[in-house]
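K.L.:
The following block contains the structure, expressed as structure tokens.
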Amino acid sequence: MSWQNRKFQLRPLSIKSLIGCAGLILLTGCQSTGKGSEASQTSNVSGSSSSGLISTQLDEFFSQQARDQFLKQSIEALESQGTSEWQGIDSATAAKWLIKVASPEVQSVQVEYPVENSVDTTQSLVFVGVSYETTTALNLRSGPRQSSQKIGQLIKGEEFNVLAQASGKPWVLVEQEGNVRGYVHHDYIQPAGPQQDLIVSKVGITTFESSDVETTTLEGTFVCRDLQYSFSREEKAQQGEFTACQKQQGTWYIEEGSARIVKVSE
Numbered sequence: 057m058s059w060q061n062r063k064f065q066l067r068p069l070s071i072k073s074l075i076g077c078a079g080l081i082l083l084t085g086c087q088s089t090g091k092g093s094e095a096s097q098t099s100n101v102s103g104s105s106s107s108g109l110i111s112t113q114l115d116e117f118f119s120q121q122a123r124d125q126f127l128k129q130s131i132e133a134l135e136s137q138g139t140s141e142w143q144g145i146d147s148a149t150a151a152k153w154l155i156k157v158a159s160p161e162v163q164s165v166q167v168e169y170p171v172e173n174s175v176d177t178t179q180s181l182v183f184v185g186v187s188y189e190t191t192t193a194l195n196l197r198s199g200p201r202q203s204s205q206k207i208g209q210l211i212k213g214e215e216f217n218v219l220a221q222a223s224g225k226p227w228v229l230v231e232q233e234g235n236v237r238g239y240v241h242h243d244y245i246q247p248a249g250p251q252q253d254l255i256v257s258k259v260g261i262t263t264f265e266s267s268d269v270e271t272t273t274l275e276g277t278f279v280c281r282d283l284q285y286s287f288s289r290e291e292k293a294q295q296g297e298f299t300a301c302q303k304q305q306g307t308w309y310i311e312e313g314s315a316r317i318v319k320v321s322e
């Protein structure tokens, strides 16, 4: 999958648009993967179907507690520095799972946004796209440093989208109502919703559509990893894989169109 020269518009995670149909945040529309006898197959799904496919597979094999354990362990594997195997067993159904992750890959992307005057858009950015709120009144600054010009203010408890973080710096880029407004210090903000174990396909990212509004190109990166998994119970087994991309530490989403069923055995 090539991310080069692709333009996106990042949106904040909307908790209200999601349901926990797998003990994890997954979209509605969970779909059956089908059945076969020692059948080997590869099929791609896109959008919400990527999460729906995984949700359906989890439903077929595991109890709610085991689902939670698998999804938590998936995040641990994605956050890990190595490529070791991770495994577990459902004490209720005796079903087993195995997780393997590939080495992380840094993907370069571009996003287009209306940007308020004086905001420094030359910084190296790590894109996030998650809703936060302030813990105190904060000054919006033109750049990621205390000495940067004050260009606005957020009140205590005000919600906004963290579009990106300045690479290697404790400053984040604030977006509200589609406009980039400036930088605030990370120490004085907190997530606006509950911490998620995994974010569904493409939450926070939609293809940018040109309009009459003048926009600026922002360049930055995502970190993504391929994850392979297998489920088994008695004679039944399924294997699949997907690509997960990181929004911030502990927060990942399934990349649209990346989920695949590799093998189904009965």
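Take any residue in the sequence shown, note its place counting from 1, add 56, and you have its number in this note's numbering.
Even glycine gets a Cβ: it sits at the ideal position worked out from N, Cα and C.
For clarity, every value in this text was computed on a predicted model and none was experimentally measured.
#1: Does DSSP put Gln-246 in a helix, a strand or coil?
#2: Pick from Thr-307, Glu-161, Ser-106: whose alpha carbon is nearest that of Gly-249?
#3: If you reduce the DSSP assignment to three classes, tell me which class Gln-304 lands in.
#4: Which term fits Ala-158, buried or exposed, when burial requires 16 or more other beta carbons within 10 angstroms of its beta carbon?
#5: Should Asn-217 go down as buried or exposed, given a rule of 16 or more other Cβ atoms within 10 Å for buried?
#6: Quick check: what's the CA-CA separation for Lys-303 versus Leu-283?
#7: Nearest CA to the CA of Gln-163: which residue from Ser-321, Gln-295, Cys-301?
#8: Go to Phe-126, then tell me how far its alpha helix (DSSP H) extends in each direction, as first and last residue.
#9: Buried or exposed for Glu-141, please, with buried defined as at least 16 other CB atoms from any protein chain shown within 10 angstroms of its CB.
#10: For Ser-321 and Ala-148, what's the separation of their Cα atoms in angstroms?
#11: For a test of the three-state rule: what should DSSP assign to Ile-310, helix, strand or coil?
P.N.:
According to the structure shown:
#1: strand
#2: Thr-307
#3: strand
#4: exposed
#5: buried
#6: 16 Å
#7: Cys-301
#8: 120-135
#9: exposed
#10: 21 Å
#11: strand
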